[in-house]
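S.K.: The structure is given below, and queries will be raised subsequently.
In this note's numbering, the protein residues as written are 177 to 287.
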């Protein structure tokens, strides 16, 4: 018995590309305004994870953390996040896939 998909592959691909482009546009706009770029993302702490009985898996809650380039200690993780988003956009638009290991070594070679 085949499962019905909520989205077709092309719809999901378009959604991912749109999300990545919005991410880049937001960072670009913040830099154009002279602000330090920052993003809010779901917190992955243990206080923000709960078990969903219906899905039978752990889900992230509503709490979020802000990543910013304002603090020198946060610049490297922030730029790594932006690099992964760029790499993901390239893979998606080229209709390619990658392993986490490949992403890691590509990031190491990029530095």
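Just so you know, even glycine gets a beta-carbon here, dropped at the ideal spot from N, CA and C.
#1: Among 200, 218, 256, 270, which one has its Cα closest to the Cα of residue 285?
#2: Look at the alpha carbon of residue 188 and the alpha carbon of residue 268, and state the distance between them as a whole number of angstroms.
#3: Across which residues does DSSP place residue 217 in a beta bridge pair?
#4: Keeping to the same chain, check which residues put their C-beta closer than 7 Å to that of residue 272; ignore five residues upstream and five downstream.
#5: Suppose you measure from the CA of residue 215 to the CA of residue 209; what does that come to, to the nearest Å?
M.R.: A quick look at the data gives this:
#1: Looking up residue 285 in the chain shown gives position 109. By alpha-carbon distance to residue 285, the top candidate from 200, 218, 256, 270 is 256.
#2: Indexing the chain shown from 1 puts residue 188 at position 12. Indexing the chain shown from 1 puts residue 268 at position 92. Distance between the alpha carbons of residue 188 and residue 268 is about 11 Å.
#3: Numbered from its first residue, the chain shown carries residue 217 at position 41. Residue pairing of residue 217 in beta bridges, as defined by DSSP: 241.
#4: The sequence position of residue 272 within the chain shown is 96, counting from 1. Contacts found: none.
#5: As a first step, residue 215 must be located in the chain shown, where it is residue number 39. As a first step, residue 209 must be located in the chain shown, where it is residue number 33. Taking the straight line joining both Cα atoms gives about 15 Å.
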